[in-house]
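Visitor: Numbering (numbering that gives the first Met the number 0), first residue to last: 0 to 398.
For each residue, glycine too, the CB sits at the ideal point set by N, CA and C.
For reference, the structure I am asking about is given below.
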Amino acid sequence: MGTELLAPAGSFLKLKTALYFGADAVYVGGKSFSLRTFADNFTDDELAEAVKYAHERGKKVYVAANIFARNGDFAELERYFRFLRSIGADAVLVSDPGAFRLCRRSAPDLPVHISTQANTTNAQSAAFWREAGASRVVLARELSLKEISEIHAANPDLELEAFVHGAMCISYSGRCLLSDYLDGRSSNRGACVQACRWNYRVQSASADGGWLDLEEDGKGTYLLNSKDLNMSAHLHELAAAGAVSFKIEGRMKSEYYLATVVNAYRRILDHGYSEALGEELHCAAHRAYTTAYAFGDNAETVNYDDSQTKGSCEYIANVLSWDGVRATVEMRNRFYEGDVLEILSPSEQFGKTVRVEDLREDDAPCADAKRVQGRYSFPCALPLREGDLLRRRRSRDRA
Numbered sequence: 000m001g002t003e004l005l006a007p008a009g010s011f012l013k014l015k016t017a018l019y020f021g022a023d024a025v026y027v028g029g030k031s032f033s034l035r036t037f038a039d040n041f042t043d044d045e046l047a048e049a050v051k052y053a054h055e056r057g058k059k060v061y062v063a064a065n066i067f068a069r070n071g072d073f074a075e076l077e078r079y080f081r082f083l084r085s086i087g088a089d090a091v092l093v094s095d096p097g098a099f100r101l102c103r104r105s106a107p108d109l110p111v112h113i114s115t116q117a118n119t120t121n122a123q124s125a126a127f128w129r130e131a132g133a134s135r136v137v138l139a140r141e142l143s144l145k146e147i148s149e150i151h152a153a154n155p156d157l158e159l160e161a162f163v164h165g166a167m168c169i170s171y172s173g174r175c176l177l178s179d180y181l182d183g184r185s186s187n188r189g190a191c192v193q194a195c196r197w198n199y200r201v202q203s204a205s206a207d208g209g210w211l212d213l214e215e216d217g218k219g220t221y222l223l224n225s226k227d228l229n230m231s232a233h234l235h236e237l238a239a240a241g242a243v244s245f246k247i248e249g250r251m252k253s254e255y256y257l258a259t260v261v262n263a264y265r266r267i268l269d270h271g272y273s274e275a276l277g278e279e280l281h282c283a284a285h286r287a288y289t290t291a292y293a294f295g296d297n298a299e300t301v302n303y304d305d306s307q308t309k310g311s312c313e314y315i316a317n318v319l320s321w322d323g324v325r326a327t328v329e330m331r332n333r334f335y336e337g338d339v340l341e342i343l344s345p346s347e348q349f350g351k352t353v354r355v356e357d358l359r360e361d362d363a364p365c366a367d368a369k370r371v372q373g374r375y376s377f378p379c380a381l382p383l384r385e386g387d388l389l390r391r392r393r394s395r396d397r398a
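Structure, rendered in structure tokens:
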């Protein structure tokens, strides 16, 4: 197979966005058994509709069922695996060996991908899963390109999937107990409170029984906050190492984030890396970037400064239609007549700008688009399409 661009989809709208902007496949979660229980996720009916929608466009849908299961989960898991087979899901992602065994017995023709939560870090583990019947392994995020190459050389008929972009976890491949201890919510069952993103204070008891703050400097309080992965400049090296699927993290991220990142990676895969496309990945909210362990040991993976930046662009509106004269959009953030907005699109209109003039809301003149999710229109000479997004550069003053 050629290199696959795999995107997260935390809702049906995000699934449509990911496919529109160029993802070859999406990974989604149902209402149970997924490690992102706070995403919107999909009912059974929505999963069936999502698979149909994707297949009609020549795309694939992988469904996450990658919790670490308890005894009480297995009766419903068996029903779920059979259901996924019946709707034509392209694969199910599992971490738990018991869930894997059940899936192979109850739905033997449903392809199984081994989740990154299973911590596959070596060729022998990959061979174990291949021999047990897995068609793909999502590699642990702690691996170097050299190690990935070695795993591929030892298992040439096993598909390898690797993360290329998004949030990293301070814990080994995401297997964390910190959320359990601090808030009673299990990260290994999809309810992570993301305690690693909190701002901490380290203190020491003083001689008089009080507390003294310990700080190296003005930073150093985000002690567990990992940087975000960004392998956009190294996709050819990752492919050469044997990865056949490039995975973007973020089922909890916004529609705008998804469109920005998928659009950039699709263009990099199709046309090669450029500084301009690399800069695109700064347009959405993110933490400081890292290539993590791709090139060996790396002691600089913690983002001490803050939780994350807002990004260089602000999400303004969804394009609903263009009649050849005027564009109709649905507002996401406030904008004004005179603003210069930039087009985010998989088409050749990407990066072009339009000045908002003769702004109207329901055919009434309007200088200020301030109604949340209100419908506004303005003249546009560029052929916009439903699904395109509009954004505003934060550094650009309104005209």
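Quick one: which unbroken alpha helix (DSSP H) runs of 4-plus residues sit fully inside the stretch 270 to 357? Chain order, please.
Guide: Segments of the alpha helix (DSSP H) lying fully in the stretch 270 to 357: 274 to 279.
Visitor: If distances are taken between C-alpha atoms only, which option among Arg-354, Glu-347, Asn-317 comes closest to Tyr-335?
Guide: Answer by Cα proximity: Arg-354.
Visitor: Specify, as a first and last residue, the run of the beta strand (DSSP E) that His-164 falls within.
Guide: Unbroken beta strand (DSSP E) run through His-164: 158 to 166.
Visitor: Is the CB-CB distance between Ala-283 and Val-318 below 9 Å?
Guide: No, the Cβ-Cβ distance between Ala-283 and Val-318 is not below 9 Å.
Visitor: Would you say the stretch 36 to 56 touches the stretch 294 to 302, given that touching needs at least three Cβ pairs under 8 Å?
Guide: Touching, no, given that fewer than three Cβ pairs across the two stretches are closer than 8 Å.
Visitor: Select from Leu-280, Thr-327, Arg-325, Leu-383 the residue whose C-alpha is nearest the C-alpha of Cys-312.
Guide: Answer by Cα proximity: Leu-280.
Visitor: Can you list, in chain order, the stretches of the beta strand (DSSP E) that have 3 or more residues and sit fully within the stretch 58 to 140?
Guide: The qualifying runs are 59 to 63, 90 to 93, 111 to 113, 135 to 137.
Visitor: From Leu-416 to Pro-110, what does the alpha carbon distance come to, in whole angstroms?
Guide: In this structure the chain extends from 0 to 398, so residue 416 is not present and cannot be described.
Visitor: Which residues in the same chain as Asp-44 place their Cβ atom closer than 6 Å to its Cβ, once the five residues preceding and following it in sequence are excluded?
Guide: Cβ neighbours of Asp-44 beyond the five flanking positions: none.
Visitor: Based on the DSSP secondary-structure assignment, which residues constitute the bridge partners of Asn-229?
Guide: Answer by DSSP bridge pairing, in chain order: His-164.
Visitor: If we call anything under 9 Å between Cβ atoms a contact, is Ile-247 one with Gly-310?
Guide: Not a contact, by the Cβ cut-off of 9 Å.
Visitor: Can you tell me which of Asn-65, Leu-83, Cys-365 puts its alpha carbon nearest to the alpha carbon of Ala-47?
Guide: Looking at the Cα atoms, Leu-83 is the closest of the given residues.
Visitor: In terms of residue numbering, what span does the beta strand (DSSP E) encompassing Lys-30 cover?
Guide: Counting along the chain, Lys-30 falls outside any beta strand (DSSP E), and DSSP gives it neither H nor E.
Visitor: Less than 6 Å between C-beta atoms, sequence neighbours within five positions excluded: which residues of the same chain meet that for Arg-135?
Guide: Excluding positions up to five away in sequence, the list reads His-112, Glu-158, Glu-160.
Visitor: What are the boundary residues of the beta strand (DSSP E) that includes Val-243?
Guide: That run of the beta strand (DSSP E) goes 242 to 247.
Visitor: Expressed to the nearest angstrom, what Euclidean distance is found between the alpha-carbon atoms of Leu-358 and Ser-320?
Guide: Using only the alpha carbons, I get a separation of about 15 Å.
Visitor: Where does Ser-143 fall in DSSP's three states?
Guide: Of the three classes helix, strand and coil, the one that applies to Ser-143 here is coil, per DSSP.
Visitor: Any idea which residues DSSP pairs Asp-39 with across the strands?
Guide: The partner list for Asp-39 (beta bridge, DSSP) is empty, contrary to what the question assumes.
Visitor: With DSSP collapsed to three states, give me the class of Phe-11.
Guide: Helix.
Visitor: With DSSP as the reference, identify every bridge partner of Glu-3, one or two as the case may be.
Guide: According to DSSP, which records beta bridges pairwise, Glu-3 is partnered with Ser-244.
Visitor: Please report the Cβ distance between Leu-92 and Phe-245, rounded to the nearest whole angstrom; I am assuming they are in contact, meaning their Cβ atoms lie under 8 Å.
Guide: Contact flag wrong, Cβ pair sits at about 16 Å.
Visitor: If you check the beta carbons only, do Tyr-79 and Gly-29 fall under 9 Å apart?
Guide: Yes, they are a contact pair.
Visitor: Are Leu-101 and Phe-32 closer than 9 Å when you measure CB to CB?
Guide: Their beta carbons are not under 9 Å apart, which means Leu-101 does not touch Phe-32 by this criterion.
Visitor: I need the DSSP call for Leu-383, collapsed to helix, strand or coil.
Guide: In the structure shown, Leu-383 sits in coil (DSSP, three-state: anything other than H, G, I, E or B).
Visitor: Are Leu-388 and Ala-326 closer than 9 Å when you measure CB to CB?
Guide: No, they are not a contact pair.
Visitor: Judging by CA-CA distance, which residue of His-151, Gln-123, Asn-118 is the nearest neighbour of Cys-168?
Guide: Ranking His-151, Gln-123, Asn-118 by Cα distance to Cys-168 puts Asn-118 first.
Visitor: Skipping 5 residues on each side, what residues in its chain have a beta carbon closer than 7 Å to that of Phe-20?
Guide: Ala-258, Val-261, Asn-262, Arg-265, Pro-345, listed in sequence order.
Visitor: I need the DSSP call for Ala-363, collapsed to helix, strand or coil.
Guide: It is a strand residue.
Visitor: For the beta strand (DSSP E) containing Arg-56, name the first residue and the last one.
Guide: Taken as a continuous stretch (DSSP letters only), Arg-56 belongs to no beta strand (DSSP E), as it is neither H nor E.
Visitor: Rounded to whole angstroms, what's the CA-CA distance from Phe-67 to Ser-148? Just pull it up for me.
Guide: Each residue's alpha carbon lies about 28 Å from the other.
Visitor: Locate the beta strand (DSSP E) running through Phe-377, then write down its first and last residues.
Guide: Segment 374 to 378, the beta strand (DSSP E) holding Phe-377.
Visitor: If we ignore side chains and look at the alpha-carbon of each, how far apart do Glu-3 and Glu-347 end up?
Guide: When rounded, the distance between both Cα atoms is 22 Å.
Visitor: Output the distance between the C-alpha atoms of Tyr-292 and Pro-364, rounded to the nearest integer angstrom.
Guide: Between Tyr-292 and Pro-364, the C-alpha separation is close to 54 Å.
Visitor: Starting from the Cα of Asp-269, find the closest Cα among Ser-231, Gly-241, Thr-289 and give me that residue.
Guide: Among Ser-231, Gly-241, Thr-289, the Cα nearest to that of Asp-269 belongs to Ser-231.
Visitor: Gly-277: which of Arg-286, Tyr-256, Ile-267 sits nearest, CA to CA?
Guide: Selected option, being the one with the closest Cα: Ile-267.
Visitor: Could you tell me the distance, in whole angstroms, from the CA atom of Met-250 to the CA atom of Gly-9?
Guide: According to the sequence shown, residue 250 is Arg rather than Met. Each residue's alpha carbon lies about 4 Å from the other.
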